[in-house]
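Undergrad: Numbering (UniProt numbering), first residue to last: 1 to 159.
Mind looking over this structure? Questions follow.
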């Protein structure tokens, strides 16, 4: 069975890293957008990260511009916006596609492991995936699911 730790991703500066860096840690993986009505979810994601990072939790943010062009063209503007407006200190990565032919391999894996209600496609910004310490996708949450609503299930994988 493939683990999310087997994938490589690109940091905002273009450096490629392996998700093996997070091996053994529970993850919340989320596609983000800076100019979306759901953008205030950054606060809840940051809150979860701060509350549980000492227990190993890492939130991984992947900016995406596939939904009504709601992300800055410049990744530096994205990371600065997130830091200044929402205090984001969890890792943010380079802008990616989450659907289609150019979808990032990590997202192809995530959507194969946990399909949405009617399809495996990501429907909007702030779709969240909960990943356990072994790198297995345990849950997928709709964009409108507030980060605090996933806390109970998150606690179960922090044990």
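Note that the Cβ used here is the ideal one computed from N, Cα and C, for glycine as well.
Per DSSP, what kind of secondary structure is residue 149 in: helix, strand or coil?
TA: helix
Undergrad: Please tell me whether residue 48 and residue 30 are closer than 8 Å, where the distance is taken between their beta carbons.
TA: no
Undergrad: Could you compute how far the alpha carbon of residue 124 sits from the alpha carbon of residue 88?
TA: 20 Å
Undergrad: Taking DSSP as the reference, what is the three-state secondary structure of residue 47?
TA: helix
Undergrad: Do the CB positions of residue 95 and residue 111 come within less than 8 Å of each other?
TA: no
Undergrad: Verify whether the separation of the beta carbon atoms of residue 61 and residue 12 is less than 8 Å.
TA: no
Undergrad: How should residue 154 be labelled, buried or exposed, when 16 other C-beta atoms within 10 angstroms of its C-beta is the threshold for buried?
TA: buried
Undergrad: Going by the beta-carbon positions, is the gap between residue 106 and residue 4 smaller than 8 Å?
TA: yes
Undergrad: With burial defined as no fewer than 16 other Cβ atoms inside 10 Å of the residue's Cβ, what is the status of residue 18: buried or exposed?
TA: Exposed, since its Cβ has fewer than 16 Cβ neighbours within 10 Å.
Undergrad: Roughly how many whole angstroms lie between the Cα atoms of residue 20 and residue 134?
TA: 11 Å
Undergrad: If you compare alpha carbons, which of 78, 56, 53 and 59 is closest to residue 65?
TA: With distances taken between Cα atoms, residue 65 lies closest to 78.
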